[in-house]
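Structure, as structure tokens:
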Amino acid sequence: MNTQKLIDTAKALFADHKGLLAMDESDPTCNKRFAKLGIPQTVEARRAYRELIVTAPGLGESISGAIFFDETIRQQKQDGTPFLQILTEAEIMPGIKVDIGAKDLAAHPGEKITEGLDGLRGRLAEYFQMGARFAKWRAVIGIGDGIPSRSCIEANAHALARYAALCQEAGMVPVVEPEVLMDGDHTLERGRKVTEEVLRNVFIQLNCQRVLLEGMILKPNMVLPGLTCSTQASVDEVADITMKSLWRTVPAAVPGIAFLSGGQSAELASARLNMMNLRFKSQLPWALAFSFARAIQQPALEIWQGKESNVKAAQQALRHRARCNRAARRGEYTAAMERT
Ligand code: 13P
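First residue of the sequence shown? That's 33 in the numbering used here, and the numbers climb one at a time after it.
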């Protein structure tokens with residue numbers, strides 16, 4: 033294992049206040065988002081949408097790496113140029129989602145386990161050979177009556193750690209994503225407790241599987257109350273409690289944390305990331321960045337609506353969100369940026 037390469041790759045993904053763009057929605061997830069907007073759910077529509085993203089002018093100013101899905105990493109622009117080549121020319125590092133989805137966990141109603149370890153070593157070798165230098169695996173933890181169970185947390189943490197070790201063996205930086213969902217009516221405090229328990233277990237397993245912490249990226253949720261909780265939290269409260277949880281659970285050897293957005297509005301995700309950096313950046317051992325899908329893409333997708341005539345405006349919206357989040361990494365995002 034070339035540890036220095038892994039460390040350099042992880043560092044490069046956080047350089048210059050840039051962040052990651054997750055564009056790795058599986059076909060069913062992408063189709064669901066298209067269906068809501070009346071966009072055809074076809075291979076060609078998905079390809080055209082991803083072409084819009086990778087060719088967005090100026091994206092590389094704010095995005096250091098983009099995460100593909102298996103279908104997308106193999107696709108090309110209409111003129112035949114591979115997406116991989118377009119990203120590389122824009123100095124955006126290609127990454128790849130390598131889990132095959134969250135499935136029902138046997139004997140645990142309402143809970144999920146992420147699958148994809150079988151054959152992973154071979155798939156990683158192929159993606160590396162194609163040019164991917166980092167990978168992603170998402171575990172999903174729900175909060176509800178009697179859940180999450182200890183067994184669900186442990187099983188998912190174990191799978192994340194085995195995936196991460198295989199990635200590093202293949203020369204790829206693992207993005208370790210344990211997502212505590214914001215669905216439900218749980219309080220902010222319950223969100224904190226579950227997030228901390230999950231992260232503690234994830235790092236126990238990562239250490240157990242001998243994952244090099246300096247050569248990985250953590251992709252957690254921000255700590256939030258459930259979407260239907262009657263008491264919502266201010267931007268300050270979210271920043272405070274999220275930092276407290278991360279301080280307690282994430283070793284300083286980890287070079288950076290790149291949040292998922294999880295269904296927050298694009299503007300709130302930027303505002304919360306900004307507040308964390310504004311108030312705590314000088315005290316943090318890790319970079320605090322973003323690896324958003326919806327909070328970067330959603331406004332652009334709504335503008336595009338599957339129409340060629342909307343491509344330019346959608347690309348501008350994408351670039352705008354990427355810029356806002358880069359500003360949030362510096363603690364320089366303001367609501368006024370949304371009006372420019
Ligand atoms: P969201 O930012 O939309 O939560 O997506 C992040 C992601 O990559 C989910 O796996």
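Using N, Cα and C, we set each Cβ at its ideal position, and we do this for glycine too.
Here the structure is a predicted model, which is why all the values come from computation and not from measurement.
Only counting the same chain, and skipping five residues up and downstream in sequence, which positions put a Cβ closer than 7 Å to that of E123? For the purposes of this step, residue 123 is taken as the residue at position 91 of the sequence shown. Only residues of its own chain outside the window of five on either side were considered, and among them G92 have a CB closer than 7 Å to the CB of E123, listed in chain order.
For K168, which residues does DSSP report across the bridge? One-based indexing of the sequence shown puts residue 168 at position 136. As computed with DSSP, K168 is found in a beta bridge with K129, V207.
Closest by C-alpha distance to K43, when choosing among W318, R355, K109, R353: Translated into the one-based positions of the sequence shown, residue 43 becomes position 11. When only C-alpha atoms are compared, the closest one is W318.
Taking 8 Å as the cut-off, is the beta-carbon of A191 closer than that to any non-hydrogen atom of the ligand 13P? Here residue 191 corresponds to residue number 159 of the sequence shown, with the count starting at 1. Not under cutoff, so the answer is no.
Alpha carbon of G258 to alpha carbon of G51, nearest angstrom: Translated into positions along the sequence shown, residue 258 becomes position 226. Translated into positions along the sequence shown, residue 51 becomes position 19. A straight line joining the alpha-carbon of G258 with that of G51 spans about 26 Å.
Under 8 Å from any heavy atom of the ligand 13P, does the C-beta of S293 make it? Sequence index remark: in the sequence shown, residue 293 carries index 261 (1-based). Correct: S293 has its Cβ closer than 8 Å to the ligand 13P.
For A303, which of W336, S262, L245, T366 has the nearest alpha-carbon? Taking the sequence shown and counting its residues from 1, one reaches residue 303 at position 271. If you compare the alpha carbons of W336, S262, L245, T366 with that of A303, the shortest gap goes to T366.
Taking Cβ to Cβ, would you say A171 is nearer than 9 Å to V205? Within the sequence shown, numbered from 1, the residue matching residue 171 stands at position 139. Within the sequence shown, numbered from 1, the residue matching residue 205 stands at position 173. The answer is no: Cβ separation not under 9 Å.
Do M307 and L256 have their beta-carbon atoms positioned less than 9 Å apart in this structure? The residue labelled residue 256 in the question sits at position 224 within the sequence shown. The residue labelled residue 307 in the question sits at position 275 within the sequence shown. In this structure, the beta-carbon distance from L256 to M307 does not fall below 9 Å.
On a CA-only basis, which of K129, Q107, N63, L300 is nearest G97? Give me that one, please. Within the sequence shown, the letter at position 65 stands for residue 97. The option with the nearest alpha carbon to G97 is K129.
Environment of M125 [buried if 16+ CB atoms lie within 10 Å]: Here residue 125 refers to the residue found at position 93 when the sequence shown is read from its first residue. With a 10 Å radius around the Cβ and a threshold of 16 neighbouring Cβ atoms, M125 comes out buried.
Applying the 10 Å Cβ sphere with the 16-neighbour rule, what's the burial state of S183? Translated into positions along the sequence shown, residue 183 becomes position 151. Classified as exposed, S183 has fewer than 16 neighbouring CB atoms from the shown chains inside 10 Å of its CB.
Is any heavy atom of the ligand GDP found at a distance shorter than 8 Å from the C-beta of K144? No copy of the ligand GDP occurs in the structure displayed; its ligands are the ligand 13P alone.
Excluding the 5 residues flanking A54 on each side, which residues of the same chain have their C-beta closer than 6 Å to its C-beta? Taking the sequence shown and counting its residues from 1, the one referred to as residue 54 is at position 22. Hits under 6 Å: I99, S323, A325.
Provide the residue(s) that pair with V212 in DSSP beta bridges, ordered along the chain. In the sequence shown, counting from the first residue as 1, residue 212 sits at position 180. DSSP lists I173 as the beta-bridge partner residues of V212.
Alpha helix (DSSP H) runs contained entirely in the segment 56-93, provided each spans 4 or more residues: Here the runs fully enclosed are 59-68, 75-86.
Taking C-beta to C-beta, are T263 and T219 nearer than 9 Å? Taking the first residue of the sequence shown as 1, we reach residue 263 at position 231. Taking the first residue of the sequence shown as 1, we reach residue 219 at position 187. T219 is positioned such that its CB atom lies closer than 9 Å to that of T263.
In this structure, how does DSSP classify D102 when only helix, strand and coil are distinguished? Within the sequence shown, numbered from 1, the residue matching residue 102 stands at position 70. Helix.
Where the alpha helix (DSSP H) containing L156 begins and where it ends: Start at 1 with the first residue of the sequence shown, and residue 156 comes out as number 124. If you look at L156, you'll find it in the alpha helix (DSSP H) that goes 152-162.
Assuming A193 contacts V243 under a Cβ cut-off of 8 Å, what Cβ separation, rounded to an integer in Å, is found between them? Taking the sequence shown and counting its residues from 1, the one referred to as residue 193 is at position 161. Taking the sequence shown and counting its residues from 1, the one referred to as residue 243 is at position 211. Rounded, the Cβ-Cβ distance is 6 Å, consistent with contact.
Taking 9 Å as the threshold (C-beta atoms), are M33 and Q237 in contact? Taking the first residue of the sequence shown as 1, we reach residue 237 at position 205. Taking the first residue of the sequence shown as 1, we reach residue 33 at position 1. Result no, Cβ atoms of Q237 and M33 do not sit closer than 9 Å.
Within 8 Å: the Cβ of F324 and any heavy atom of the ligand 13P? In the sequence shown, residue 324 corresponds to position 292, counting from 1. Yes, Cβ of F324 sits closer than 8 Å to a heavy atom of the ligand 13P.
Considering only the alpha carbon of each residue, which of A88, A134, L137, K144 lies closest to I118? As a working note, residue 118 is residue 86 in the sequence shown. Cα-wise, what sits closest to I118 is A88.
Reduced DSSP secondary structure (H/G/I, E/B, other) of A321: Along the sequence shown, read from residue 1 onward, the residue named residue 321 stands at position 289. Three-state result, A321: strand.
Please state if the CB of T61 and the CB of R82 are separated by a distance shorter than 9 Å. One-based indexing of the sequence shown puts residue 82 at position 50. One-based indexing of the sequence shown puts residue 61 at position 29. Their beta carbons are not under 9 Å apart, which means R82 does not touch T61 by this criterion.
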